[in-house]
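Quick note, the sequence shown lines up with residues 0 to 271 if you use numbering that gives the first Met the number 0. Yeah, the Cβ is synthetic: ideal placement off N, Cα and C, and Gly gets one too. Since the structure is predicted, the reported quantities are computational estimates derived from the model, not experimental observations. This report refers to the structure that appears directly beneath it.
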Amino acid sequence: MSRKNIFDVLEKKMDINYEMRRILEMYNESVIDNYTLEEYFDEYCLSNWKNRNRFLSTEEMRIKLNITDDDIIKSADENTYLFFLEFIFNLIWQCDMTMSENEFYTKEFNYLYENVQSVVDYLGYEVKVFGEQEKVLLVEKNAAMTAVAEIVEPNLAYEVIEYNHHSMKGDISGKQKILKILTDKFEPIRGELKKINKELESSTGYLLNKMNIRHNNIEGKNAIGYVKNLSNEELEEWYDEIYQMLLLCILEYDNIERNKKVGELKNIIEGG
């Protein structure tokens with residue numbers, strides 16, 4: 000049996016329950032210019048936050064989200080943990096926007112940020128910031144999603160990323176709504192897309208028409224027996240496939256102009 004060094008031991012598989020309790024402890028102890036994170040947010044950020052709704056304190060929001068200290072201590076549910084981590088990132092982002100030059104983060108606060116980021120990475124999620132909406136979301140890592148979000152208009156980028164949000168799992172109607180929005184992006188590019196990937200264009204259009212997205216395929220004149228008999232889990236699996244296909248369509252279309260430029264460069268090089 001090979002001997003382990005200290006780094007092998009230190010880098011062993013993460014105990015999420017332990018890490019979340021430690022993050023909770025750091026969250027309560029982290030200080031910004033002599034305020035706890037919650038105290039600073041309540042004092043300087045909450046009243047001007049677009050997403051405050053009617054809440055008067057972080058305590059109220061945590062109760063509503065079921066991420067109080069007791070919830071975190073007693074829970075072993077990943078969704079609860081993700082809500083708490085997302086909540087922390089939103090507080091930190093708002094504090095960053097509000098802090099003046101003479102205010103400062105403590106070492107404990109920096110440890111909190113680093114540990115939260117580490118756990119998010121370990122769980123397979125990434126942080127997406129929407130400055131205009133003043134929102135920070137945690138979404139599953141998805142290279143195609145990230146690439147598409149960077150090339151489409153901001154309001155569509157939010158929809159692209161929201162589809163991958165952990166709270167969307169099992170939300171059939173929510174995913175259907177986003178797919179309808181992405182369909183509006185797909186339609187205008189179909190002609191050009193068909194020239195370079197006819198099969199992808201045709202298959203995507205077919206599924207949008209037949210899987211209860213564009214039309215009601217559950218009942219009425221457009222009803223389809225197969226679709227009608229799908230379980231929610233099966234339908235969601237198809238929606239996730241269609242989502243990936245729509246992302247690929249957008250990326251393929253975006254690459255058309257790039258390929259033209261490469262072709263022009265080839266002609267210049269070969270001709271020279």
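Between the options, which lies nearest to residue i when the distance is taken from Cα to Cα?
i, options, result
"M19", "L64, Y34, I72 and N27", "I72"
"G130", "N89, V151 and N141", "N89"
"P153", "L137, K168 and K184", "K184"
"K137", "Y157, V147 and V151", "With the sequence shown as reference, residue 137 is identified as Leu, and Lys is not the correct amino acid for it. Of Y157, V147 and V151, the residue nearest in Cα terms is Y157."
"E333", "L247, I22, L84 and N33", "Nothing can be reported for residue 333, as the shown portion of the chain is limited to 0 through 271."
"E139", "M167, N228 and E113", "M167"
"H165", "R53, Y124 and K220", "Y124"
"Q93", "Q116, R61 and F40", "F40"
"Y242", "I217, K179 and N254", "K179"
"K209", "N163, L155, K227 and R189", "K227"
"E186", "K63, K260 and I249", "I249"
"I66", "N16, L122, C44 and F86", "F86"
"K176", "D32, D239 and L84", "D239"
"Y80", "E58, L122 and M98", "L122"
"M144", "L245, L229 and A222", "L245"
"D68", "D253, N27, I267 and I223", "N27"
"K174", "S202, K220, A222 and W237", "W237"
"A75", "I15, N33, I22 and V151", "I15"
"N254", "N221, L229, V147 and I22", "V147"
"F108", "Y17, R21, N221 and L155", "R21"
"L23", "K63, L84 and D32", "L84"
"I31", "S202, M98 and A222", "M98"
Mind checking which residues open and close the alpha helix (DSSP H) that includes residue i?
i, result
"F82", "E77 to T97"
"K260", "N231 to G270"
"D69", "D68 to K73"
"K63", "T57 to L64"
"K179", "I171 to F185"
"I188", "Unbroken run through I188: none, as it is neither H nor E."
"Y205", "K197 to K209"
"Y43", "Taken as a continuous stretch (DSSP letters only), Y43 belongs to no alpha helix (DSSP H), as it is neither H nor E."
"V226", "G224 to K227"
Measure the Cβ-Cβ separation of residue i and residue j and say whether it is below 8 Å.
i, j, result
"Y110", "M13", "no"
"H171", "N231", "Looking at the sequence shown, residue 171 is not His but Ile. Against a cut-off of 8 Å, the Cβ pair of N231 and I171 comes out as a contact."
"V126", "V119", "yes"
"E113", "W48", "no"
"I212", "T182", "yes"
"L207", "E200", "no"
"E235", "G190", "no"
"E42", "T57", "no"
"L45", "R53", "no"
If you count every other CB in all the chains shown that lies within 10 Å of the CB of residue i, and 16 or more means buried, which is it?
i, result
"G204", "buried"
"M96", "exposed"
"E149", "exposed"
"L55", "exposed"
"V115", "buried"
"S29", "buried"
"N141", "buried"
"N215", "exposed"
"N195", "With the sequence shown as reference, residue 195 is identified as Ile, and Asn is not the correct amino acid for it. With fewer than 16 other Cβ atoms within 10 Å, it is exposed."
"K106", "exposed"
"V135", "buried"
"L264", "exposed"
"N163", "buried"
"E260", "The sequence shown places Lys at residue 260, not Glu. K260 should be labelled exposed."
"V128", "exposed"
"R61", "buried"
"Y225", "exposed"
"Y252", "buried"
"I268", "exposed"
Mind checking who residue i pairs with in its DSSP beta bridge?
i, result
"F129", "K134"
"Y124", "E139"
"H164", "V138"
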